[in-house]
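Colleague: I have a structure I would like to understand better, so I am pasting it below and will then ask my questions one at a time.
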Amino acid sequence: MASKLYTDDVSLVVVLLDVNPFFWGGALKKTTTTTTNSPSVLSFSNFLNHVLPFLNSILLLNQLNQVVVIASGANTCGYIYDSSETNTSEAGVGGSGRMPDLCERVLGSLEEFVVNDQRTGWGADPTAANAASGMLSGSLSLALCYIQRVVRGGLLHPQPRILCVQGSPDGPEQYVAVMNSIFSAQRSMVPIDSCVIGVQHSAFLQQASYITGGVYLKPQQLDGLFQYLSMVFATDLHSRNFIQLPKPVGVDFRASCFCHKKTIDMGYVCSVCLSIFCKQHKKCSTCGSEFNHPHLEPISTSEQK
Amino acid sequence: MSNNNDGRRRGDEDEEDEEEEGGEVAMEAWERAYADERSWESLQEDESGLLRPIDNKAIHHAHYRRRLLLHQSASSLRIQKGLIRYLYIVIDLSRAAAETDFRPSRMAVVAKCVEAFIKEFFDQNPLSHVGIVIIKDGIAQRLTDLGGSPELQIKALMGKLECSGDSSLQNALDLVHGFLNQSPSYGHREVLILYSALSTCDPGDIMETIEKCKKSKIRCSVVGLSAEIYICKHLCEETGGEYSVALDESHFKELLLEHAPPPPALAEYAIANLIKMGFPQRGAEGVISLCSCHKEAKFGGGYTCPRCKARVCELPTECRICGLTLVSSPHLARSYHHLFPIMPFDEMQHALPGNLSQKQPQTCFGCRQSLSHGSTSGLYVSCPNCSQYFCLDCDIYIHESLHNCPGCESLRNTKAVDAMKT
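Sequence lines, in order, name chains A and B. For what it's worth, full-length UniProt numbering labels the leading residue of the first sequence as 1, then goes sequentially. For what it's worth, full-length UniProt numbering labels the leading residue of the second sequence as 1, then goes sequentially.
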């Protein structure tokens with residue numbers, strides 16, 4: 001990493017925001033039923049109140065810092081904000097302070113995004129079980145493409161990192177795609193930080209942060225979200241060497257099986273293509289090889305050695 | 001600055017030394033830049049006779065397309081790949097390895113490339129094992145046992161870099177044959193020989209040994225450093241391996257790295273099997289626990305067997321208590337892009353700027369780069385599945401590193417359609 005000719009404290013932060021209505025609708029329902037402002041749930045507008053100042057504070061830390069926001073909704077995901085574009089096109093027009101500018105732009109394109117997102121999902125059957133999961137694979141892929149473009153751009157570029165703010169549960173059907181993205185991020189040395197605001201831990205994000213050397217955090221008190229974000233995720237990569245960051249509580253390395261897309265901790269692996277199955281099969285559905293002795297455990301041979 | 005001057009002075013002295021030894025060996029760094037890199041070849045003349053740099057991007061992309069399409073046609077046959085490999089790397093450290101036609105010497109080049117190869121190999125074949133054998137003074141010697149740790153192998157090799165004596169192909173094959181015969185039947189047995197010598201001094205009939213390797217289904221490949229040798233070619237042909245001879249350093253590295261991706265599996269070579277495996281969870285940092293492999297109290301880290309809850313330190317391994325094969329699922333997932341490759345994108349040509357009535361994509365879906373701006377040739381690509389548009393850079397990145405189409409991944413509907421198709 002040191003071979004590149006950029007200063008060590010300029011960052012490019014790609015923030016993946018979870019705007020899935022299924023998740024936020026569920027959260028809202030909880031707030032109304034519990035009547036009091038329970039600390040573990042957060043409404044969407046409150047969430048934005050925490051996130052927008054955080055985005056702004058990253059930009060304030062260094063004038064060269066760059067922030068890109070990608071929203072992932074129920075059916076699509078897409079770019080909603082890019083600080084480098086604001087600088088060039090609207091510097092003359094906007095002129096005023098940056099804070100209202102950022103807010104306005106993020107909120108404006110977010111609204112547009114949500115409307116589009118809803119329209120895309122119009123024709124599809126609302127299979128709630130499927131749509132409730134996040135669109136992690138898509139937003140990660142977009143973020144990595146963007147980062148590649150910046151890295152290609154020249155010798156002098158900000159240090160990239162990705163921050164996932166996710167509340168929706170993992171979609172096991174995205175397992176292969178998410179893993180591909182994680183490995184690609186690892187190869188280009190882009191850490192993936194994750195901040196989980198849902199009820200459950202996210203196995204995908206745990207693995208992503210562990211493999212790429214990012215920080216995984218599940219805040220206890222969601223009404224202090226801004227503080228968590230600014231204390232843990234605002235620091236640039238170089239300064240991270242000097243501060244005590246939260247250590248992982250453990251990583252869930254379970255895989256999804258290919259046959260039922262279930263998350264399993266024990267399963268059968270095809271020796272030809274390494275597909276994972278939760279039950280014994282006669283034939284591998286991925287590579288088509290037939291298994292001769294499904295009950296023979298090959299462990300004995302290696303033990304003799 | 002002072003450092004720089006020192007370096008200059010030392011350089012001058014070296015130069016003088018070399019001139020004393022033999023006039024033509026010494027070549028200034030700037031001379032080499034011209035002699036070796038042939039910078040004039042990257043220029044071309046345009047219609048009016050002016051020089052301009054070759055449009056590397058377009059050529060680069062064309063190369064990549066050819067590679068991709070080739071790959072695509074190969075994988076469409078649904079060739080099974082041997083993903084669990086047991087590979088011995090045989091390194092010839094005979095007298096011939098000391099020759100300096102590869103700079104600084106054949107041995108040093110081999111060592112450097114093997115290091116890169118081993119890393120790449122484990123990246124692409126996560127559950128495979130590698131061992132190293134060296135040939136020296138007419139005898140073969142096993143440097144490392146088959147193992148899954150790249151660091152250990154590289155360290156062992158770097159400590160043993162000396163060459164002398166003759167080379168013996170038969171001794172090496174006999175030795176490897178003995179070891180590979182013990183490997184499990186579902187794995188693919190392979191030998192990769194890096195051969196510097198032009199001859200082989202064997203104690204017996206090498207044809208018998210080749211026959212023996214063939215019978216044990218060991219795939220032997222050779223990368224030669226000097227000239228083509230009949231016996232190596234024969235060996236590779238008989239056992240289904242590949243034989244290649246390197247022209248220079250970079251060609252050698254290229255040839256060696258070609259052996260890193262899993263080879264097409266021949267049906268009769270390995271018996272398909274379902275292996276029961278566990279995917280343990282990693283324990284929290286800073287927790288003290290007893291591990292079952294070293295029988296010691298360990299601080300933090302470690303993995304828990306999902307069946308018997310015993311603690312192990314490293315993956316992949318076998319649980320000491322219940323015998324379950326334990327792997328980390330990211331290990332397996334590294335190879336999944338071989339199984340689910342994404343389709344090559346269709347190439348499109350940007351229409352002339354005057355023709356605005358036609359609906360044209362403005363930006364690349366992946367990186368938001370302007371499509372008309374990015375490339376001089378006006379080329380861009382589109383995914384046949386989700387029909388999103390991408391720039392050429394993203395196209396290469398998506399197919400060579402990411403292995404996901406961002407367009408398809410960010411639309412839930414197309415994915416549902418996809419799932420129904422398969």
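Glycine included, C-beta positions come from ideal geometry on N, C-alpha and C. Nothing here was measured: the structure is a model prediction, and the numbers come from that model.
Quick one: residues in its chain with C-beta nearer than 8 Å to the C-beta of E400 of chain B, no 5 flanking neighbours on either side, listed in chain order?
Modeller: In the second sequence, counting from the first residue as 1, residue 400 of chain B sits at position 400. The answer, listed in chain order, is Y64.
Colleague: Please classify M158 of chain B: does DSSP put it in a helix, a strand, or coil?
Modeller: For the purposes of this step, residue 158 of chain B is taken as residue 158 along the second sequence, with counting starting at 1. Looking at M158 of chain B - three-state DSSP - the assignment turns out to be helix.
Colleague: Under 8 Å, CB to CB, which of the residues in the region 150-177 of chain A have a partner in chain B?
Modeller: Answer in chain order: R152, E173, Q174, Y175, V176 and A177.
Colleague: Anyone know if the C-beta pair for I118 of chain B and I154 of chain B falls short of 7 Å?
Modeller: Numbered from its first residue, the second sequence carries residue 118 of chain B at position 118. Numbered from its first residue, the second sequence carries residue 154 of chain B at position 154. Taking 7 Å as the Cβ cut-off, I118 of chain B and I154 of chain B qualify as a contacting pair.
Colleague: Nearest-angstrom Cα distance between Q358 of chain B and L371 of chain B?
Modeller: The residue labelled residue 358 of chain B in the question sits at position 358 within the second sequence. The residue labelled residue 371 of chain B in the question sits at position 371 within the second sequence. Low confidence applies to Q358 of chain B: its pLDDT is 49, below 50, so where it sits in the model is not reliable enough to give any reading.
Colleague: I'd like the list of long-range same chain contacts for F121 of chain B, defined as Cβ closer than 6 Å, with 5 residues on each side in sequence excluded.
Modeller: Reading the second sequence from its first residue, position 121 is the one you call residue 121 of chain B. Within the same chain, F121 of chain B has close Cβ partners A260.
Colleague: Taking just the CA atoms, how far does K215 of chain B sit from P160 of chain A?
Modeller: Sequence index remark: in the first sequence, residue 160 of chain A carries index 160 (1-based). Sequence index remark: in the second sequence, residue 215 of chain B carries index 215 (1-based). Roughly 53 Å between the two C-alpha positions.
Colleague: Quick check: the Cα distance between L256 of chain B and E228 of chain B, rounded to an integer number of angstroms?
Modeller: The residue given as residue 256 of chain B occupies position 256 in the second sequence. The residue given as residue 228 of chain B occupies position 228 in the second sequence. Straight-line Cα distance between these residues: approximately 16 Å.
Colleague: Check distances from the C-beta atoms of the region 298-331 of chain B to those of chain A and list, in chain order, the residues that come in under 7 Å.
Modeller: So the close ones are P306, R307, E318, G323, T325, S328, S329 and P330.
Colleague: Which residues of chain B have a Cβ atom closer than 8 Å to the Cβ of K247 of chain A, listed in chain order?
Modeller: Position 247 of the first sequence, counted from the start, is the residue given in the question as residue 247 of chain A. Per Cβ cutoff of 8 Å: A284, E285 and G286.
Colleague: Report the start-end ranges of each beta strand (DSSP E) in the region 159-239 of chain A that is 3 residues or longer and not cut off at the edges.
Modeller: DSSP runs (the beta strand (DSSP E)) wholly in the region 159-239 of chain A: 159-166 and 192-196.
Colleague: Checking contacts by CB at 7 Å: is Y216 of chain A closer than that to chain B?
Modeller: For the purposes of this step, residue 216 of chain A is taken as the residue at position 216 of the first sequence. Cβ-Cβ to chain B under 7 Å: no for Y216 of chain A.
Colleague: Could you pull the start and end residues of the beta strand (DSSP E) that K276 of chain B belongs to?
Modeller: Residue numbering aside, residue 276 of chain B sits at position 276 when the second sequence is read from its first letter. Looking at the DSSP string, the run of the beta strand (DSSP E) that includes K276 of chain B is L274 to G278.
Colleague: Could you tell me whether any Cβ in chain B is nearer than 7 Å to the Cβ of R240 of chain A?
Modeller: Taking the first sequence and counting its residues from 1, one reaches residue 240 of chain A at position 240. With 7 Å as the cut-off, R240 of chain A does not count as an interface residue toward chain B.
Colleague: Could you check what DSSP says for G147 of chain B in three-state terms: helix, strand or coil?
Modeller: Counting from 1 along the second sequence, the entry for residue 147 of chain B is found at position 147. Of the three classes helix, strand and coil, the one that applies to G147 of chain B here is strand, per DSSP.
Colleague: Quick one: which residues of the region 383-400 of chain B get their C-beta closer than 9 Å to a C-beta of chain A? List them in chain order.
Modeller: So the close ones are F390, C391, D393, C394, Y397 and I398.
Colleague: Could you list which residues in chain A have their beta carbon closer than 7 Å to that of E409 of chain B, in chain order?
Modeller: Reading the second sequence from its first residue, position 409 is the one you call residue 409 of chain B. Simply S137, G138, S141 and A177.
Colleague: Using DSSP bridges, identify the partner residues of E190 of chain B.
Modeller: Position 190 of the second sequence holds residue 190 of chain B. The partner list for E190 of chain B (beta bridge, DSSP) reads B:L87 and B:R219.
Colleague: For a quick check, are the C-beta atoms of I70 of chain A and A177 of chain A less than 7 Å apart?
Modeller: The residue labelled residue 70 of chain A in the question sits at position 70 within the first sequence. The residue labelled residue 177 of chain A in the question sits at position 177 within the first sequence. No, these two residues do not count as a Cβ contact at 7 Å.
Colleague: Could you check if S94 of chain B is buried or exposed, using at least 16 other CB atoms within 10 Å of its CB as the buried criterion?
Modeller: On the second sequence, position 94 is the one that residue 94 of chain B refers to. Classification of S94 of chain B: buried, given that the 10 Å Cβ count is 16 or more.
Colleague: Below 8 Å between beta carbons is the criterion; list the residues of the region 64-88 of chain A that meet it against any residue of chain B, in chain order.
Modeller: The region 64-88 of chain A vs chain B, Cβ under 8 Å: S72, A74, N75, T76, C77, G78, Y79 and D82.
Colleague: Looking at the strands, I want to know which residues DSSP matches up with C270 of chain A.
Modeller: What you label residue 270 of chain A is simply residue 270 of the first sequence in a count that begins at 1. According to DSSP, which records beta bridges pairwise, C270 of chain A is partnered with B:L274.
Colleague: Where does V312 of chain B fall in DSSP's three states?
Modeller: Sequence index remark: in the second sequence, residue 312 of chain B carries index 312 (1-based). Correct three-state label for V312 of chain B: strand.
Colleague: Where does K247 of chain A land, buried or exposed, given buried means 16+ other C-beta within 10 angstroms?
Modeller: Counting from one through the first sequence, the residue named residue 247 of chain A turns up at place 247. It counts as exposed.
Colleague: Does chain B have any CB closer than 7 Å to the CB of L28 of chain A?
Modeller: Against the first sequence, residue 28 of chain A aligns to sequence position 28. No, its Cβ sits nowhere closer than 7 Å to a Cβ of chain B.
Colleague: Tell me whether H188 of chain B is buried or exposed, calling it buried when 16 or more other Cβ atoms sit within 10 Å of its Cβ.
Modeller: For the purposes of this step, residue 188 of chain B is taken as residue 188 along the second sequence, with counting starting at 1. So H188 of chain B counts as buried.
Colleague: So, does the CB of Q280 of chain A fall closer than 7 Å to a CB anywhere in chain B?
Modeller: Mapped onto the first sequence, residue 280 of chain A falls at position 280. Taking Cβ atoms only, chain B reaches closer than 7 Å to Q280 of chain A, which makes this a yes.
Colleague: Just reading off the beta strand (DSSP E) that Q349 of chain B is part of, what are its end residues?
Modeller: For the purposes of this step, residue 349 of chain B is taken as the residue at position 349 of the second sequence. Per DSSP, Q349 of chain B belongs to the beta strand (DSSP E) from D346 to Q349.
Colleague: Span of the alpha helix (DSSP H) holding L332 of chain B?
Modeller: Residue 332 of chain B sits at position 332 when you count from the first residue of the second sequence. S329 to A333 is the extent of the alpha helix (DSSP H) around L332 of chain B.
Colleague: What residue from B:E258, B:L161 and B:C220 has the CA that sits closest to A116 of chain B's CA?
Modeller: Stepping through the second sequence from its first residue, residue 116 of chain B is reached at position 116. The candidate whose alpha carbon is nearest that of A116 of chain B is B:E258.
Colleague: Note down, in chain order, every chain A residue with its Cβ under 8 Å from the Cβ of P280 of chain B.
Modeller: Here residue 280 of chain B corresponds to residue number 280 of the second sequence, with the count starting at 1. Those within 8 Å of P280 of chain B in chain A are F253 and D265.
Colleague: Taking DSSP as the reference, what is the three-state secondary structure of G95 of chain A?
Modeller: On the first sequence, residue 95 of chain A is found 95 positions in, with the first residue counted as 1. For G95 of chain A, the predicted model reports a pLDDT of 44, less than 50, meaning its position is unreliable; a value from the coordinates is still stated below. Three-state DSSP puts G95 of chain A in coil, outside helix and strand.
Colleague: Closest to S128 of chain B by C-alpha separation, out of B:Q141, B:V327, B:P341 and B:C291, would be which residue?
Modeller: The residue given as residue 128 of chain B occupies position 128 in the second sequence. The shortest Cα separation from S128 of chain B among B:Q141, B:V327, B:P341 and B:C291 belongs to B:V327.
Colleague: S289 of chain B by DSSP, collapsed to three states: which one?
Modeller: Locating residue 289 of chain B in the second sequence gives position 289, where the first residue counts as 1. S289 of chain B falls in the strand class under three-state DSSP.
Colleague: Are Q172 of chain A and T263 of chain A closer than 7 Å when you measure CB to CB?
Modeller: Along the first sequence, one-based indexing puts residue 172 of chain A at 172. Along the first sequence, one-based indexing puts residue 263 of chain A at 263. According to the sequence displayed, residue 172 of chain A carries Pro and not Gln. Cβ distance < 7 Å, so P172 of chain A and T263 of chain A count as in contact.
Colleague: Taking the alpha-carbon positions, what's the I58 of chain A to D9 of chain A distance?
Modeller: Residue 58 of chain A sits at position 58 when you count from the first residue of the first sequence. Residue 9 of chain A sits at position 9 when you count from the first residue of the first sequence. Computed Cα separation, rounded: 11 Å.
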